[in-house]
Amino acid sequence: MNVVCTGDGRFVEVQGTAEGAPFDRKELDVLLGLATAGCVDLAALQTDALALQQEPA
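If you read the sequence shown in the UniProt record's numbering, its first letter stands for residue 1, the second for the next number, and so on.
Pasting the structure below:
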């Protein structure tokens, strides 16, 4: 599953396929929850990295 989110967790893109076995709505909700948490974590790491670049040496 490919998921792209904004920094505040809103979806920009969701792409998925049931390779091998289909999944139900409950499983999709779990996958989207994990993806959203990952997007929020990644956005925070990116914000921290950018802040380090802007600090005076």
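Glycine included, C-beta positions come from ideal geometry on N, C-alpha and C.
Item	Value
Once you ignore the five residues that flank V4 on each side, which residues in its own chain have a CB closer than 7 Å to its CB?	V12, E13
May I have the straight-line CA-CA distance separating G33 from R10, to the nearest angstrom?	12 Å
Near T6, which residues of its chain fall below 7 Å by C-beta distance, leaving aside the five closest residues on each side in sequence?	V12
In this structure, does DSSP put E13 in helix, strand or coil?	strand
Using beta-carbon positions only, say whether M1 and A35 come within less than 8 Å of one another.	yes
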